[in-house]
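Presented below is the structure to which this report refers.
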Amino acid sequence: MKFGIIGNTTKPVLREVSNTLFSFLRKKNIMFAVPTEYGNWYNSAENEKKIDESMMVPECILPDQCDMLMALGGDGTMLAAARIVGGRGVPILGVNLGKLGFLAEVSVEELQKCISDILDGKYSIEERMTIEAECQTDRSILTGLNEVVID
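And the structure:
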């Protein structure tokens, strides 16, 4: 299984969580990919081991490069993950980096056990309904998890 990973870089704890997560995945030989912006953000600091450029992909193709997308942040990051995945059917694992998350249910403390359970097939996928909106000016299709805002 290959994980895609996105993260909310405004969360102060993200760098530490990312470092621990990437070390765990490497130790277990679990493949992962990150959006280029996230990888560059991570590599900009002094870290034990940098993310190799071959593991960084444009965000728009990340769902095509993974079996499951991990969203490190909160409910807003989960909504961003839903937009990235769109209608591709890639499951999203929400990891809550804050105090309360309704959509991002896995805590940082549970993450490594959760990943091990996923690799052992001990998980279920909860289907969520999505909504699509089409922009009339450029015919683009936008996907939302629980709402679409017209501004």
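For the sequence shown, position 107 matches number 104 in the working numbering, and the numbering has no gaps at all. Idealized CB from N, CA, C, for every residue including glycine.
Check                                                                                                                         : Outcome
Closest residue to P32 among R80, E56 and S41 (Cα-Cα distance)                                                                : E56
Paired residues, beta bridge with F29 - DSSP                                                                                  : F0
Contacting residues, own chain, Cβ-Cβ under 8 angstroms from D61 (five flanking each side not counted)                        : R85
Own chain, CB closer than 7 angstroms to I89, minus 5 neighbours either side, in chain order                                  : L66, A68, M75, A78, A79 and V82
Pick from E102, S137 and L22 that is closest to G73, judged by C-alpha positions                                              : E102
Length of the line joining the Cα atoms of L11 and L94                                                                        : 7 angstroms
Range covered by the alpha helix (DSSP H) that runs through M75                                                               : D72 to V82
Selected residue, minimal CA-CA separation from S20, among L59, V87, K47 and N5                                               : K47
Residue from I3, E106 and K110 with nearest C-alpha to V54                                                                    : I3
Residues of its chain near I122, where Cβ-Cβ distance is below 8 angstroms and the 5 sequence neighbours each way are ignored : P88
M(-2) to C63 span [Cα, whole Å]                                                                                               : 8 angstroms
Host beta strand (DSSP E) of E13 (start-end)                                                                                  : From DSSP, E13 is part of no beta strand (DSSP E) but of the alpha helix (DSSP H) over L11 to K24.
Sub-8 angstroms separation of A30 and G70 beta-carbons                                                                        : no
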